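Just below is one structure, and these are the notes that go with it.
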Amino acid sequence: MDRSGIISRRLSSGLEIVYLPLPGLSTVSIGLLAGAGTRVEEDDEIGSSRILEHWIWQREPKQKDDRKILADFGANLKTASNIEWTRHWTTVLCNQFESVFELFVQDILKFDCCFETFSASKDYITSLSNKRQREPNTYIMDALREKMAGGQKIGRSAAGSAEDMIKLNLPKVKTAYERLYVPSNCVVAVVGGISAKRLDKLLDKLNQIGTAQGSRKVPAEEFSVWRSGVYAIEQEGKLVHLAAGVPCASCAHHDFFASAVLSQAMGGGDGSKLFDRIRQKKGAAYQVRSSLMSFRDTGLLTFYLATEADFVPWATCVIIDEIEKIKKEGLPEEKVKIAKNQLLKHMVLRSESTASRMNTLLTALWYPGYPGTLAAMKEAIGRVTSEDIQSTLQNIVPATEMGIVTLGPFPPRRWH
Amino acid sequence: MTYTQWKSPSGMHVMMEDMPSMVSATASFFVLGGARSESDKQIGIAHALEHLLFRGSLHYPDGAMGSAFAQTTGHINAFTTWEYTCFYSRSIPEELPSMFSVLIDMLRYPLLRTKDFNLEQAIIRRELSRQSEEARSRLTHRLHQHVYPGRLGKLLIGSDEEISKMNIAGLEDFHKLNYIPSNILLVISGNIKSSKTIDSCLQMIRSWENTRLPIEIEPPLTVKPQLIDLAQAQTEPSYAVWAWNLSPLEDKHHYAVHLLCTLLGDDNYIGSRFYNEIVVSGLAQQITCVYSVFGGKGLFKIYGLAKKDQLNAVREKILNEMRQIAAGNITWREYNRAKQKVKTQMALDASSSHSRAVSIAQAWMRHRRMVTLDELLSFIDQITLGDLRDVAARQFDHQEYFEIRE
Numbered sequence: 164m165d166r167s168g169i170i171s172r173r174l175s176s177g178l179e180i181v182y183l184p185l186p187g188l189s190t191v192s193i194g195l196l197a198g199a200g201t202r203v204e205e206d207d208e209i210g211s212s213r214i215l216e217h218w219i220w221q222r223e224p225k226q227k228d229d230r231k232i233l234a235d236f237g238a239n240l241k242t243a244s245n246i247e248w249t250r251h252w253t254t255v256l257c258n259q260f261e262s263v264f265e266l267f268v269q270d271i272l273k274f275d276c277c278f279e280t281f282s283a284s285k286d287y288i289t290s291l292s293n294k295r296q297r298e299p300n301t302y303i304m305d306a307l308r309e310k311m312a313g314g315q316k317i318g319r320s321a322a323g324s325a326e327d328m329i330k331l332n333l334p335k336v337k338t339a340y341e342r343l344y345v346p347s348n349c350v351v352a353v354v355g356g357i358s359a360k361r362l363d364k365l366l367d368k369l370n371q372i373g374t375a376q377g378s379r380k381v382p383a384e385e386f387s388v389w390r391s392g393v394y395a396i397e398q399e400g401k402l403v404h405l406a407a408g409v410p411c412a413s414c415a416h417h418d419f420f421a422s423a424v425l426s427q428a429m430g431g432g433d434g435s436k437l438f439d440r441i442r443q444k445k446g447a448a449y450q451v452r453s454s455l456m457s458f459r460d461t462g463l464l465t466f467y468l469a470t471e472a473d474f475v476p477w478a479t480c481v482i483i484d485e486i487e488k489i490k491k492e493g494l495p496e497e498k499v500k501i502a503k504n505q506l507l508k509h510m511v512l513r514s515e516s517t518a519s520r521m522n523t524l525l526t527a528l529w530y531p532g533y534p535g536t537l538a539a540m541k542e543a544i545g546r547v548t549s550e551d552i553q554s555t556l557q558n559i560v561p562a563t564e565m566g567i568v569t570l571g572p573f574p575p576r577r578w579h
Numbered sequence: 004m005t006y007t008q009w010k011s012p013s014g015m016h017v018m019m020e021d022m023p024s025m026v027s028a029t030a031s032f033f034v035l036g037g038a039r040s041e042s043d044k045q046i047g048i049a050h051a052l053e054h055l056l057f058r059g060s061l062h063y064p065d066g067a068m069g070s071a072f073a074q075t076t077g078h079i080n081a082f083t084t085w086e087y088t089c090f091y092s093r094s095i096p097e098e099l100p101s102m103f104s105v106l107i108d109m110l111r112y113p114l115l116r117t118k119d120f121n122l123e124q125a126i127i128r129r130e131l132s133r134q135s136e137e138a139r140s141r142l143t144h145r146l147h148q149h150v151y152p153g154r155l156g157k158l159l160i161g162s163d164e165e166i167s168k169m170n171i172a173g174l175e176d177f178h179k180l181n182y183i184p185s186n187i188l189l190v191i192s193g194n195i196k197s198s199k200t201i202d203s204c205l206q207m208i209r210s211w212e213n214t215r216l217p218i219e220i221e222p223p224l225t226v227k228p229q230l231i232d233l234a235q236a237q238t239e240p241s242y243a244v245w246a247w248n249l250s251p252l253e254d255k256h257h258y259a260v261h262l263l264c265t266l267l268g269d270d271n272y273i274g275s276r277f278y279n280e281i282v283v284s285g286l287a288q289q290i291t292c293v294y295s296v297f298g299g300k301g302l303f304k305i306y307g308l309a310k311k312d313q314l315n316a317v318r319e320k321i322l323n324e325m326r327q328i329a330a331g332n333i334t335w336r337e338y339n340r341a342k343q344k345v346k347t348q349m350a351l352d353a354s355s356s357h358s359r360a361v362s363i364a365q366a367w368m369r370h371r372r373m374v375t376l377d378e379l380l381s382f383i384d385q386i387t388l389g390d391l392r393d394v395a396a397r398q399f400d401h402q403e404y405f406e407i408r409e
C-alpha cells in the first residue's frame, strides 16, 4: 500500500497499527479489522464471526462495577462484516483518545467470552439473520452470490443463516474467537486530530497487547468459481427485485479500478447508463445501481433494481445490452472521463470523515495492493483507460456467464 | 469557525459558517414548505415537486441529473421532510458558485413539463412500494395515523391514489406559494473562505423577489393516546412502537428531552438504560428512542424489536423504567455518559459540511436564528441532573401512551 503521510508500527504481539494524523480536527476514529468471516470459518463454525461481532461488546456483568466502558467516553461504536473480515470502529473527541484506544483494543483482543451474555447475543444475531431475509435489497445480493458460488465457501452469507447459528454453542464460538481474533490476524488504523507523538507514547505503554501467535487466516483461492444461471425466488409484493452479476477483478487486482470505473459508468447514479435508460427515460424503477463485490482473490460486478414484473425481462436485456456494447465498442473517452471524475468526487467528499478514511486504511492494510491514501487512489483511478475497461469485459459473455436472481411476484416460468 | 447571518431584502434568511478544515462547501436551500404545508387536495405534492425540479429549469433544461453536471466534482441532491424540502449541493469550494447557480435556477424557474411529471409519477409509485416493504417505515406511518388526525397522519409522499391524482397545475400552485425568498432558509457551510466568488452567489439571491406572502402553518392536531394492536403479520421478530405526546417545551427542557432520549436508548451499540436493562438480558433485540417535534409539539417514540411473545414483557419493562425515570431515578454515571455521547454526536455532525448545514437549519427552526456549535454544546452543558429529573417527572409521570405493534 501507499504509505505517504502514514505512520506504521507493529507491536511485539504482531498487531499492526497505522496512523494518519489530520491536525486541526476535533475527532479521531479508531478501527480494528479482524480476519474473521464466514469464508474463513470451519464448517461447524459457520456464523461464529457474526456472533462475535456483537458478543464482544456484551459485558453486562462488568457494567455494574466501576470499570469504565466506551459509552462513558461518549464513544460512537460501529461494526460491520463481510465474508472475509469483521470491522469494529469508534469515533471520539480527541481529548478522550488515550482512554478510548486502550479500552477499545483490549475489549476486542482480550475478550473473556462472557458466559452470561452468549445466549442473548446468539439469539439476537439469529433474529437479525431472519430479519435480513425480509429486507429484499440486501437479501437478494446474498442470494445472487450464493447461487453463483455453487456451494463453495465464497457463497456463504456474511450474516450467517439461522439454520447454521442454531448449531453453534459457546465452546465452538470461543474456539473461533481464539483462532481468528489474534493480533497477527488483526490490523488497527487511527485517523484524526491527534499528534503522532501522542500515539507513540501510548503504544509504548501498550506494546504488549495480546500475545504473538498464529498467522493471517487467508481464504483458500477459488478462482473461476462463479457459475451462471437464472433463479426466481417467488414471494408476494408489488415489486420484483432484480440482481445480476458478472465475474470481475479482486480487491488487489491491477484491473480493480477499471472495474470500479466500469461500475460507475454503468449504474453509479446520475448520468450513468442504466440509471439513464431504466429510471430517467422509462421511469421503470426508483433505485438502479451497480456495485463491486470484491474479495481477496475474485469479485463480482453486480446490478440491482426493483420494478414491476412486466419490466423484468426488459430491464435484464438493458443490462446485457449495455455490457455487450461496452465490450464491443468500448466506452467513449468522454464517458470514461465522467465516470472517473465521479469516482474521484465520491472519494474526495468522503475524505471529510475520519471514519471513512480510517476504513480505507484498514482495507489497504488487509488487501495488499489496495491504495490507502487519497493521493494513491487518485493516481490509480487516473491511470484507467477505455481499453482497460474493455479488456476487463473481454472474457465475459453476459448471456452465459451472468447470474440473475429475482425476488418477488415473478414465477420461474417467465424466464422461459 | 466564523459565522454570518443576515436577511436579504426579499426576506430570505441566510446563514454561513466557515469550516476551514473541510475539503468541501455546501449550499443548502431549505424551502419551508414540506409535506405539512400541503392541503388535503395537495397530498404528496411537496415531495413530487422535489423530484420534478431535477428534470429541468429555464437555463438548464436537461436538469441537474444531466450529463453536463457529471464532470463537476460536486453533486446536487434533495430530500423532503414534514417541515421543509431541502435542495443542496456539495462540492469543492471552487465549484460552489456554479452549483449555486444551478440550484437557484431549479428553485426559481423549474420547467415542470408534463412528460417529465408522468415519468416521475411512475418513479414515486415505485418509491412508495419500496417504503411499504420497510417495517419501521410502516410502523411510523401507522403511529402518525393514530396520533395526528390531520396531514401528518397521512403518508409523506402520498398514497398510490393520491399520487395518481396529482397534476402539473397543482405542482405549479404549490411552487408559487412556497418557493419564495421569504419562505426559504439558505445555509452555506464548509470551506467557504477559500471560495473567492461567494459574493457572486449572494448576488444571485439579491435579485430574487417575493411574489406572495409566506403562509403560516397551523400546529398539528393530536388525539388522546390509545393502544393499537395491528398484529396481522406473523413475522418474527416483531416491531412495536410506544409513544408519548409532549407538551410544548421551553429550550432548557427541549434539550433535556434530547439528553433523556440518548440516556434511555440511543442508536449507539452500548451503554443506554434500555440497552442494559432490556437488550443485554435478551428480552428485546433492539430498543431505540427518537424525539421529534412538529410545529412546536413533541413526540417521544420508543421503537422495539423483539419476539412476538415477548412484546408484552418488553412493554412492562419499558413502562417500569419510565416510571423510575419519572421518579427521579437517574444516576450520575448515566447522566454524564449521555452528555458525552451527545457532545460526540454534535462533533460528528460538524465534521461534514452537509450534516452541519442540516444541524444549523434544525436549530434555526427552533430558535429562528443562527445557533453556533459552541452554543449548542453549552445548552447541553447547562442541563443539570435536576433538569433531567424535572422534565422526566413532568412529561412521563402518567400512563397515557400510544402503542402500535406489527
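Chains as they are written, first to last, in my numbering: chain W, 164 to 579; chain F, 4 to 409. C-beta: ideal position from N, C-alpha, C; glycine also. Given the structure is predicted, the values throughout are model-derived calculations rather than measurements.
- Residue 481 of chain W sits in a helix when the DSSP states are folded into three classes.
- Here the alpha carbon of residue 197 of chain W sits roughly 28 angstroms from the alpha carbon of residue 291 of chain F.
- Residue burial is scored here from C-beta neighbours: residue 344 of chain F has at least 16 other C-beta atoms within 10 angstroms and is therefore classed as buried.
- For residue 252 of chain W, the enclosing beta strand (DSSP E) begins and ends at 249-256.
- Residue-level contact check: residue 189 of chain W touches chain F, since one or more beta carbons of chain F fall below 7 angstroms from its beta carbon.
- In chain order, 129, 132 and 133 make up the part of chain F whose C-beta sits under 8 angstroms from the C-beta of residue 469 of chain W.
- Here DSSP, grouped into helix, strand and coil, assigns residue 178 of chain F to helix.
- DSSP lists F/305 and F/406 as the beta-bridge partner residues of residue 245 of chain F.
- Against chain W, a Cβ distance below 8 angstroms from residue 93 of chain F picks out 512.
- Here residue 9 of chain F is bridged, per DSSP, to F/17.
- Fewer than three beta-carbon pairs drawn from the segment 449-462 of chain W and the segment 542-558 of chain W are found closer than 8 angstroms, and the two stretches are therefore not classed as touching.
- At a cut-off of 7 angstroms between beta carbons, residue 96 of chain F makes no contact with chain W.
- By the C-beta criterion, the segment 300-320 of chain W is judged not to be in contact with the segment 314-322 of chain F, since fewer than 3 inter-stretch pairs fall below 8 angstroms.
- The segment 374-382 of chain F makes no contact with the segment 305-313 of chain F; the number of CB pairs closer than 8 angstroms stays below 3.
- The Cβ atoms of residue 508 of chain W and residue 76 of chain F sit closer than 7 angstroms to each other.
- Taking every protein chain shown into account, the CB of residue 579 of chain W has fewer than 16 other CB atoms within 10 angstroms, so this residue is exposed.
- The Cβ atoms of residue 7 of chain F and residue 360 of chain F lie no closer than 7 angstroms to each other.
- Contact annotation: residue 103 of chain F and residue 204 of chain F have beta-carbon atoms nearer than 7 angstroms.
- Relative to residue 212 of chain W, the option among W/366, W/303, W/344 and W/304 whose CA is nearest is W/344.
- Within the segment 256-281 of chain F, the residues whose Cβ lies closer than 7 angstroms to some Cβ of chain W are 271, 272, 273, 274 and 279, listed in chain order.
- Between the alpha carbons of residue 280 of chain W and residue 249 of chain W lies a gap of roughly 20 angstroms.
- Cβ-Cβ separation between residue 252 of chain W and residue 192 of chain W: approximately 6 angstroms, consistent with a contact (criterion under 8 angstroms).
- Each residue's CA atom was taken as its position, placing residue 192 of chain F and residue 15 of chain F some 16 angstroms apart.
- According to the DSSP assignment, residue 381 of chain F belongs to the alpha helix (DSSP H) that extends over 376-385.
- Comparing C-alpha distances from residue 90 of chain F to each of F/281, F/261 and F/106 shows the shortest one belongs to F/106.
- The C-beta separation of residue 18 of chain F from residue 367 of chain F comes to about 7 angstroms, placing the pair in contact by the 8 angstroms criterion.
- The three-state secondary structure of residue 456 of chain W, taken from DSSP, is strand.
- Non-local beta-carbon contacts of residue 60 of chain F in its own chain, meaning distances under 7 angstroms to residues more than five positions away in sequence, involve 108, 109, 112, 113 and 114 in chain order.
- Approximately 53 angstroms separates the beta-carbon atoms of residue 212 of chain F and residue 276 of chain F; this is outside 8 angstroms, ruling out the contact.
- Legend: CB atoms of the segment 476-499 of chain W lying less than 8 angstroms from CB atoms of chain F are not found in any residue.
- Excluding sequence positions up to five before and after residue 141 of chain F, its CB lies within less than 7 angstroms of the CB of 135 and 409, all in the same chain and listed in chain order.
- With a threshold of 16 other beta carbon atoms within 10 Å, residue 48 of chain F meets it and is buried.
- Segment contact: the segment 162-175 of chain F against the segment 533-551 of chain W, fewer than three CB-CB distances shorter than 8 angstroms; contact not assigned.
- Counted as a single uninterrupted DSSP element, the stretch harbouring residue 537 of chain W is not any beta strand (DSSP E) but the alpha helix (DSSP H) occupying residues 537-545.
- Of all alpha-carbon atoms in F/157, F/101 and F/178, the one lying nearest the alpha-carbon of residue 34 of chain F is that of F/178.
- Where residue 118 of chain F is concerned, the enclosing alpha helix (DSSP H) starts and stops at 117-135.
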